[in-house]
Amino acid sequence: MEEKEITVNIKKYNDKDGAFWKSYKLKADKYTQMTEVLRRIKSEQDPSLAYRASCHMAVCGSCSMKINGIPSLACRTIALQAVNEKNEINVESMDYYPGVRDLITDIDGFYDKIYKVMPRLIADESVLMGENEQRMTPEDQTEVWKFQECIYCGLCVSACPSVKEDEKFLGPAAHAKGFRFIDDVRDTKKQERIELLMDSAYRCTSCYMCYEVCPQDVQPVIAIKKTKNYLDQYKGDTPVTVMARKHDDTIVNLIETTGKIKESTLFLKTFGFGEAMRDAVDMLKTGKFKYAFEKDSKVKNMSEIKNMMGEKK
Amino acid sequence: MEKKEYDAVILGGGLAGLMAANIVAAAGFSVAVVSKVFPTRSHSAAAEGGIAAYIMGNSDPNDDPDFMSYDEVKGGDYLVDQDAAELLSKKSGDIVNLLDAWGAPFNRQPDGRIALRYFGGQTYPRTRFIADKTGMALLHTLFEHSTGFKNIEYYNEYYVLDIVKEGNNVNGLVAMEMKTLNPIYLKSRALLIASGGIGMMYKHTTNSYINTGDGQGIALRSGVALKDPEFVQFHPTGLYPSDILISEAARAEGAILKNNKGERFMAKYAPHKFDLAPRDIVSRSMTIEIREGRGFEGGYLGLDLRHLGKKYIIERLALAYDAAKNFSGVDASEEMIPVRPAQHYFMGGIDVDTTGTNHDLNGVFSAGESACVSVHGANRLGSNSLLETVVYGRETGNTMVEFLKSHKNVETNSNVDPIVDAAYAYIKRETGEHFGVLTEELRDIMWDNVGIFRDNDKLAEAVSKIKDLRVRARSMYVTDKTSNYNTELFNALETRNMLDVAYTMATAALNRTETRGAHFRDDYPTRDDQNWMKHTLTYLAGDEIKISYKPVTYTRWKPEARVY
Numbered sequence: 007m008e009e010k011e012i013t014v015n016i017k018k019y020n021d022k023d024g025a026f027w028k029s030y031k032l033k034a035d036k037y038t039q040m041t042e043v044l045r046r047i048k049s050e051q052d053p054s055l056a057y058r059a060s061c062h063m064a065v066c067g068s069c070s071m072k073i074n075g076i077p078s079l080a081c082r083t084i085a086l087q088a089v090n091e092k093n094e095i096n097v098e099s100m101d102y103y104p105g106v107r108d109l110i111t112d113i114d115g116f117y118d119k120i121y122k123v124m125p126r127l128i129a130d131e132s133v134l135m136g137e138n139e140q141r142m143t144p145e146d147q148t149e150v151w152k153f154q155e156c157i158y159c160g161l162c163v164s165a166c167p168s169v170k171e172d173e174k175f176l177g178p179a180a181h182a183k184g185f186r187f188i189d190d191v192r193d194t195k196k197q198e199r200i201e202l203l204m205d206s207a208y209r210c211t212s213c214y215m216c217y218e219v220c221p222q223d224v225q226p227v228i229a230i231k232k233t234k235n236y237l238d239q240y241k242g243d244t245p246v247t248v249m250a251r252k253h254d255d256t257i258v259n260l261i262e263t264t265g266k267i268k269e270s271t272l273f274l275k276t277f278g279f280g281e282a283m284r285d286a287v288d289m290l291k292t293g294k295f296k297y298a299f300e301k302d303s304k305v306k307n308m309s310e311i312k313n314m315m316g317e318k319k
Numbered sequence: 005m006e007k008k009e010y011d012a013v014i015l016g017g018g019l020a021g022l023m024a025a026n027i028v029a030a031a032g033f034s035v036a037v038v039s040k041v042f043p044t045r046s047h048s049a050a051a052e053g054g055i056a057a058y059i060m061g062n063s064d065p066n067d068d069p070d071f072m073s074y075d076e077v078k079g080g081d082y083l084v085d086q087d088a089a090e091l092l093s094k095k096s097g098d099i100v101n102l103l104d105a106w107g108a109p110f111n112r113q114p115d116g117r118i119a120l121r122y123f124g125g126q127t128y129p130r131t132r133f134i135a136d137k138t139g140m141a142l143l144h145t146l147f148e149h150s151t152g153f154k155n156i157e158y159y160n161e162y163y164v165l166d167i168v169k170e171g172n173n174v175n176g177l178v179a180m181e182m183k184t185l186n187p188i189y190l191k192s193r194a195l196l197i198a199s200g201g202i203g204m205m206y207k208h209t210t211n212s213y214i215n216t217g218d219g220q221g222i223a224l225r226s227g228v229a230l231k232d233p234e235f236v237q238f239h240p241t242g243l244y245p246s247d248i249l250i251s252e253a254a255r256a257e258g259a260i261l262k263n264n265k266g267e268r269f270m271a272k273y274a275p276h277k278f279d280l281a282p283r284d285i286v287s288r289s290m291t292i293e294i295r296e297g298r299g300f301e302g303g304y305l306g307l308d309l310r311h312l313g314k315k316y317i318i319e320r321l322a323l324a325y326d327a328a329k330n331f332s333g334v335d336a337s338e339e340m341i342p343v344r345p346a347q348h349y350f351m352g353g354i355d356v357d358t359t360g361t362n363h364d365l366n367g368v369f370s371a372g373e374s375a376c377v378s379v380h381g382a383n384r385l386g387s388n389s390l391l392e393t394v395v396y397g398r399e400t401g402n403t404m405v406e407f408l409k410s411h412k413n414v415e416t417n418s419n420v421d422p423i424v425d426a427a428y429a430y431i432k433r434e435t436g437e438h439f440g441v442l443t444e445e446l447r448d449i450m451w452d453n454v455g456i457f458r459d460n461d462k463l464a465e466a467v468s469k470i471k472d473l474r475v476r477a478r479s480m481y482v483t484d485k486t487s488n489y490n491t492e493l494f495n496a497l498e499t500r501n502m503l504d505v506a507y508t509m510a511t512a513a514l515n516r517t518e519t520r521g522a523h524f525r526d527d528y529p530t531r532d533d534q535n536w537m538k539h540t541l542t543y544l545a546g547d548e549i550k551i552s553y554k555p556v557t558y559t560r561w562k563p564e565a566r567v568y
């Protein structure tokens with residue numbers, strides 16, 4: 007099989023020397039996975055190279071790292087597809103997590119967030135005693151399986167901007183896990199799960215980074231959006247969910263009355279007068295205040311919109 | 005050295021270990037689970053096709069557990085302990101229902117019951133599945149279930165060094181925190197070894213990088229026997245060239261193996277079962293085809309899924325489709341998937357009875373691939389490894405509960421420092437050979453000489469080369485002198501374990517002068533029930549392997565010709 011020489015630049019790290027880049031040259035063919043590249047570097051050139059890898063088929067989630075700046079699984083990356091025009095690849099550890107050694111990071115914080123969502127099915131006692139059989143439609147199984155496919159690789163959290171800013175946000179992976187149980191007809195703790203997840207769900211900015219980087223196509227952001235659908239059943243209001251309710255109610259109200267989402271009104275009603283004034287001062291400073299009073303055209307067929315909104319209820 | 009005490013220490017966070025952990029913890033005992041990876045990274049995650057189960061009221065109306073046991077006995081070429089096979093079949097439905105109750109999202113039939121499909125060597129369809137990531141889904145289910153117990157403590161990314169003995173009793177183990185290289189003595193009166201397989205000692209394997217026979221290695225060094233280590237399974241459909249597993253589910257769903265002439269060659273070797281004959285037979289047939297020039301350039305054959313249609317392939321065989329696409333650049337709905345046999349499973353393992361108890365060292369238990377309950381005999385059937393991990397994981401867990409009730413923790417008198425010193429010695433040494441040189445040589449020897457086709461010359465050569473490697477391994481040295489997640493040290497320690505286990509495998513293979521199941525001898529091509537209807541027991545005594553034998557347990561099936 008035809009082989010090409012490639013250069014792999016790895017950002018190494020250890021407690022004593024800190025971070026530094028090191029380059030390795032080796033030959034790869036069109037099927038060589040990055041996990042195999044790392045294994046060969048370790049076995050043939052630099053035995054001290056530290057990285058995690060196990061299944062090399064994208065089901066164990068060990069080999070998470072940044073390849074050419076993109077959060078990736080090494081096993082899912084084919085070396086010759088990842089090289090640039092100079093046949094070079096850059097490999098670094100994941101963002102966000104504390105570095106431990108070379109490509110290994112400490113992701114205990116990632117696991118801790120998953121443990122917080124009660125990540126286990128609590129079936130009915132009669133089922134656990136073997137007295138009752140659980141049934142589930144194929145469609146329900148497909149929905150649960152979609153979010154259960156998470157392999158704990160941690161890439162979504164390393165790419166998530168909200169997790170970095172807001173320590174009360176559970177992060178994409180924990181939300182996918184949490185919602186997988188909300189959605190499971192066999193579970194008996196739906197209400198508790200809604201209480202656990204709702205405040206955090208509204209701390210997501212829907213930026214879709216998790217959607218982009220997930221190697222399993224779990225789409226955590228969709229799980230978060232689906233969790234928000236249960237807001238009406240949520241009981242333990244927090245400042246975040248109170249604001250969420252105002253936001254939702256205002257949107258419905260604006261559409262019903264004007265046919266549009268008027269950003270300035272939505273902002274005022276969601277955040278209140280005080281917050282709006284503080285932001286107005288900032289907007290004045292940056293010359294953006296004029297946009298708050300932009301005139302826009304009126305919606306003509308209001309009756310049609312009212313009908314549609316009526317149907318929805 | 006830091007020291008902590010538990011009722012039970014479990015080595016391995018895969019399906020067998022976690023099932024037992026859940027059972028022992030539910031009985032109120034304290035458990036430490038020690039693993040060199042976070043539990044969901046265990047190799048159980050890589051099991052794809054499914055778990056065989058006879059579920060009363062949800063199976064083929066003609067099927068019954070006896071047919072299932074018979075399939076196992078015949079599939080294992082009569083080296084199966086028949087009481088073990090019967091227990092496995094009898095408890096299969098029950099265990100699947102338990103996994104379902106704990107949250108495993110099994111694929112469903114339209115009426116909401118658990119779905120099933122055919123797998124190799126089955127008289128009736130029995131395989132239950134979760135897409136083609138059954139192992140991963142079950143592993144996550146058991147791990148997630150275990151997070152509900154406060155009395156299970158995880159030592160993730162801790163590497164086991166050796167077992168601590170007190171006379172003829174086990175007294176826990178010594179492990180090392182990988183992040184810091186700090187040793188810890190985990191003391192307990194019960195030790196479960198559930199550390200999985202040995203695949204990395206073969207050049208071509210479907211196994212994870214972590215499968216290095218650590219549990220078998222520490223067992224051998226403390227005087228525990230490995231049973232039937234000559235029996236290694238080669239899976240027919242490793243993806244070419246990466247050896248990633250293409251699940252037997254593909255053939256179960258109708259995929260066909262073809263040679264370079266486009267022939268369905270399995271018709272010649274297994275006129276009744278074709279591509280769904282047991283794995284040893286299919287792998288040998290493929291090797292013959294390739295050897296006789298009917299393979300494709302580079303040495304592989306074609307797995308044809310095209311007639312199944314793209315929609316069906318993606319729905320039922322997503323992982324196989326993705327793997328072929330990502331790792332071989334093949335769209336399985338348009339081209340054949342390139343496949344060749346690769347090492348897949350170790351039928352041999354730590355000698356235990358059907359309760360999971362080892363009788364060489366009090367307090368040692370084993371379950372899953374690291375154990376040999378003798379339920380797979382000379383060849384394992386597809387869908388039975390997952391089943392074994394959970395059925396025998398639970399049986400062994402229950403046995404451990406009874407053991408813990410009747411035994412008290414023993415005092416420690418032994419000095420455990422030498423265990424740690426032996427590990428540090430690799431770092432302290434300034435010259436010698438790297439682990440990489442030794443493992444590459446071992447991987448070649450095992451593949452070439454202790455592989456699909458064996459004979460006296462190849463095996464004798466393997467034994468002598470492995471002996472030599474073991475001597476060289478004593479002067480192995482580690483270039484990395486830091487205590488900062490020093491993976492090089494752990495690779496060296498893995499090499500030590502692989503060499504000890506490989507030594508028993510090659511020796512037992514040389515010793516067994518017959519062909520049975522996956523052990524095929526060119527120089528002894530037939531089964532010899534007269535002389536060899538017995539289990540091999542191998543002990544490591546210093547630099548020698550001591551071999552003894554143990555009878556096979558029969559209940560109702562007499563050996564007959566194995567035709568598919």
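Read top to bottom, the protein sequences are chains A and B.
My numbering applies: residue 7 is where the first sequence begins, and numbers increase by one.
My numbering applies: residue 5 is where the second sequence begins, and numbers increase by one.
No residue lacks a Cβ here, since even glycine has one placed at the ideal position from N, Cα and C.
For a Cβ distance threshold of 7 Å, nothing in chain A lies close to residue 450 (chain B): the least Cβ distance comes to about 16 Å. Excluding residues up to 5 positions away in sequence, 50, 203, 239, 242, 247, 248, 249, 346, 347 and 348 lie with their Cβ nearer than 8 Å to the Cβ of residue 210 (chain B) in the same chain. Taking 8 Å as the CB threshold, residue 141 (chain B) lines the interface with chain A.
At the C-beta level, residue 175 (chain A) and residue 209 (chain A) come within 8 Å of one another. Within chain A, the C-beta atoms nearer than 7 Å to that of residue 148 (chain B) come from 125 and 126, in chain order. A Cβ-Cβ separation of about 19 Å leaves residue 368 (chain B) out of contact with residue 549 (chain B) under the 8 Å criterion. Using a 10 angstroms sphere on the CB of residue 299 (chain A), the tally of other CB atoms stays under 16, which defines it as exposed.
For the C-beta of residue 45 (chain A), the chain B residues within less than 8 Å are, from N- to C-terminus, 213. The region 165-180 of chain B and the region 137-151 of chain B do not touch, with fewer than 3 CB-CB distances between them shorter than 8 Å. For the region 496-516 of chain B, the beta-carbon criterion of a distance under 7 Å to any beta-carbon of chain A is satisfied by none of its residues. Residue pairing of residue 395 (chain B) in beta bridges, as defined by DSSP: absent, with no partner found.
A contact between stretches requires three or more CB pairs, one per stretch, nearer than 8 Å, and the region 141-156 of chain A meets this requirement with the region 221-239 of chain A. In this structure, the straight-line span from the alpha carbon of residue 270 (chain A) to that of residue 282 (chain A) is close to 9 Å. When C-beta distances to chain B are compared with 7 Å, every residue of the region 160-176 of chain A stays at or above that value.
Taking 8 Å as the CB threshold, residue 196 (chain A) stays off the interface with chain B. By the CB criterion at 8 Å, residue 362 (chain B) and residue 147 (chain A) fall outside the cutoff. Annotation: the continuous alpha helix (DSSP H) that includes residue 132 (chain A) extends over 131-134. Residue 447 (chain B) is outside the set of residues whose beta carbon lies under 8 Å from a beta carbon in chain A. For residue 215 (chain A), no CB of chain B lies under 8 Å from its own CB, so it is not counted at the interface with that chain. When only Cα atoms are considered, residue 82 (chain B) and residue 295 (chain B) end up about 29 Å apart.
Around the CB of residue 426 (chain B), fewer than 16 other CB atoms lie within 10 Å, so the residue is classed as exposed. Of all alpha-carbon atoms in A:92, A:204 and A:163, the one lying nearest the alpha-carbon of residue 123 (chain A) is that of A:204. In the structure shown, residue 567 (chain B) falls within a coil segment according to DSSP collapsed to helix, strand and coil. Looking at the DSSP output, residue 26 (chain A) bridges to A:18.
Assignment of beta-bridge partners to residue 307 (chain B) by DSSP yields B:261 and B:341. Between residue 39 (chain A) and residue 310 (chain B), the alpha-carbon positions lie close to 26 Å from each other. Looking at the backbone, the Cα of residue 309 (chain A) and that of residue 266 (chain A) are separated by about 13 Å.
Chain-order list of chain B residues neighbouring residue 189 (chain A): empty, with the shortest C-beta distance near 10 Å, by a criterion of under 8 Å. Taking 9 Å as the upper bound on Cβ-Cβ separation, chain A lies near no residue of the region 394-415 of chain B. In chain order, 9, 10, 11 and 12 place their CB closer than 8 Å to the CB of residue 33 (chain A), counting only its own chain and leaving out the 5 sequence neighbours on each side.
DSSP, read as helix, strand or coil, puts residue 168 (chain A) in helix.
Within chain A, not a single residue places a beta-carbon under 8 Å from that of residue 560 (chain B); the smallest gap is close to 28 Å.
Residues of the region 12-23 of chain A that bring their beta carbon within less than 7 Å of a beta carbon in chain B comprise 20, 21 and 22, in sequence order. The three-state secondary structure of residue 8 (chain A), taken from DSSP, is coil. Taking 8 Å as the Cβ-Cβ cut-off, the region 467-490 of chain B approaches chain A at 482, 483, 484, 486, 488, 489 and 490, given in chain order.
In this structure, DSSP gives residue 125 (chain B) a state outside helix and strand, which the three-state scheme calls coil.
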